[in-house]
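For reference, the structure is listed below as structure tokens.
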Amino acid sequence: MKYIEESCPGRLNACPEELRQYFEDGTIDGYERVLSEGKEAVVHLVASSRSGRKVYYAAKVYKKREGRGFKNRADYFVAQNMYKRRAILALSKKTRFGRSVEEAVWQNRETGYLKELLAAGADVPRLVRAGSDSFIMEYLGGEDGHAFKLIEAKRDMTDAAGVFRSIMRNVELFLRCNIVHGDLSPYNVLYYRGRVVVIDFPQASDPRRNPNAGALLLRDIRNICAFFLPAVKTDPDAIFEDMWSRYQLNEM
Ligand SMILES: Nc1ncnc2c1ncn2[C@@H]1O[C@H](COP(=O)(O)OP(=O)(O)O)[C@@H](O)[C@H]1O
Ligand SMILES: [Mg+2]
Numbered sequence: 001m002k003y004i005e006e007s008c009p010g011r012l013n014a015c016p017e018e019l020r021q022y023f024e025d026g027t028i029d030g031y032e033r034v035l036s037e038g039k040e041a042v043v044h045l046v047a048s049s050r051s052g053r054k055v056y057y058a059a060k061v062y063k064k065r066e067g068r069g070f071k072n073r074a075d076y077f078v079a080q081n082m083y084k085r086r087a088i089l090a091l092s093k094k095t096r097f098g099r100s101v102e103e104a105v106w107q108n109r110e111t112g113y114l115k116e117l118l119a120a121g122a123d124v125p126r127l128v129r130a131g132s133d134s135f136i137m138e139y140l141g142g143e144d145g146h147a148f149k150l151i152e153a154k155r156d157m158t159d160a161a162g163v164f165r166s167i168m169r170n171v172e173l174f175l176r177c178n179i180v181h182g183d184l185s186p187y188n189v190l191y192y193r194g195r196v197v198v199i200d201f202p203q204a205s206d207p208r209r210n211p212n213a214g215a216l217l218l219r220d221i222r223n224i225c226a227f228f229l230p231a232v233k234t235d236p237d238a239i240f241e242d243m244w245s246r247y248q249l250n251e252m
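Structural data, given as structure tokens:
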């Protein structure tokens with residue numbers, strides 16, 4: 001990762017180049033630290049003091065293609081059919097233009113889903129600014145940079161059944177928007193004082209285009225049901241059958 005110094009007054013030496021755009025447009029004025037580094041992206045804790053008090057945000061920066069797993073994306077391009085012929089041809093030939101199309105589509109996916117889901121009333125992070133290679137969103141975590149992850153909240157959860165229902169309400173709402181998360185797990189659900197927020201959508205798929213979406217939905221539901229055992233006993237396959245058949249009959 002490349003670092004810049006001059007535009008990150010918050011923390012010199014530590015701010016990635018990709019965040020420069022947000023300092024320049026005034027979205028943020030402080031850089032704190034890396035929150036998480038995954039295969040596809042690095043999430044940073046950043047801040048704005050514009051309102052007179054410090055407000056934290058999370059900045060997700062996608063890795064360049066060399067640093068990213070390739071498999072997911074190849075599947076995605078097979079499944080989509082919305083591209084212009086030239087773009088499709090370029091993609092299949094892996095020309096430079098093809099790579100740039102692939103890169104741009106990948107990077108805009110997550111913010112596209114977030115916008116759509118926010119409008120539908122789903123519990124996903126509020127989008128603060130969508131930029132190139134990255135975006136800024138509402139931060140769900142403590143002042144110390146500790147994200148509130150569902151996986152860590154299990155012991156202190158007083159209303160596990162209610163939290164489970166909130167997650168399922170979201171899964172159903174996603175489906176009503178023709179979106180299957182595809183990587184739903186207690187690692188991609190944040191939780192704080194009864195509020196559930198689902199994150200990490202770049203691999204999500206649309207059942208109208210992706211024939212595997214049903215299987216992905218079943219896996220998502222099974223992951224969540226398994227996490228809540230033994231406190232909340234459910235039948236993941238029955239939940240899936242009910243949701244999927246209503247979706248296919250257009251009865252959601
Ligand atoms: N809005 C957010 N607020 C707080 N922490 C976040 C937020 N978004 C991501 N994180 C932290 O960064 C981690 C990785 O983010 P995620 O979007 O799941 O990317 P990936 O799993 O692809 O690396 C999360 O598990 C969480 O710890
Ligand atoms: Mg994740």
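For reference, each letter of the sequence shown is one residue, going 1 to 252 in my numbering. Positions of the beta carbon are idealized from the N, C-alpha and C atoms, including for glycine.
May I have the straight-line CA-CA distance separating residue i from residue j, to the nearest angstrom?
i, j, result
"residue 28", "residue 47", "6 Å"
"residue 214", "residue 182", "10 Å"
"residue 79", "residue 157", "Any reading at residue 79 is ruled out, since the residue's pLDDT is 40, under 50, leaving its predicted position unreliable."
"residue 83", "residue 207", "At residue 83 the pLDDT is 48, less than 50, meaning the model places this residue with poor confidence; the figure from the coordinates comes in the next sentence. Each residue's alpha carbon lies about 17 Å from the other."
"residue 221", "residue 114", "20 Å"
"residue 100", "residue 116", "24 Å"
"residue 110", "residue 211", "20 Å"
"residue 54", "residue 119", "27 Å"
"residue 125", "residue 237", "28 Å"
"residue 137", "residue 58", "5 Å"
"residue 143", "residue 49", "14 Å"
"residue 219", "residue 51", "43 Å"
"residue 56", "residue 45", "7 Å"
"residue 63", "residue 140", "22 Å"
"residue 226", "residue 134", "32 Å"
"residue 247", "residue 209", "14 Å"
"residue 31", "residue 95", "36 Å"
"residue 150", "residue 197", "9 Å"
"residue 127", "residue 25", "16 Å"
"residue 250", "residue 34", "43 Å"
"residue 179", "residue 108", "15 Å"
"residue 155", "residue 97", "50 Å"
Is residue i near ligand 2, in the sense that its beta carbon is under 6 Å from a heavy atom of that ligand?
i, result
"residue 223", "no"
"residue 188", "yes"
"residue 237", "no"
"residue 220", "no"
"residue 200", "yes"
Which one of the options has the shortest CA to CA distance from residue i?
i, options, result
"residue 193", "112, 24 and 159", "159"
"residue 17", "36, 32, 52 and 61", "61"
"residue 243", "200, 176 and 229", "176"
"residue 169", "224, 35 and 95", "224"
"residue 41", "241, 249 and 201", "201"
"residue 199", "251, 37 and 123", "123"
"residue 184", "171, 195 and 191", "171"
For a test of your reading of the model: does the CB of residue i fall under 6 Å from any non-hydrogen atom of ligand 1? Yes or no.
i, result
"residue 41", "yes"
"residue 139", "yes"
"residue 133", "no"
"residue 182", "no"
"residue 147", "yes"
"residue 36", "yes"
"residue 167", "no"
"residue 16", "no"
"residue 58", "yes"
"residue 211", "no"
"residue 125", "yes"
- prompt: Okay, do the region 224-238 and the region 160-167 touch, 3+ Cβ pairs below 8 Å being the bar?
  reply: In this structure the region 224-238 lies against the region 160-167, because at least three pairs of beta carbons, one per stretch, are closer than 8 Å.
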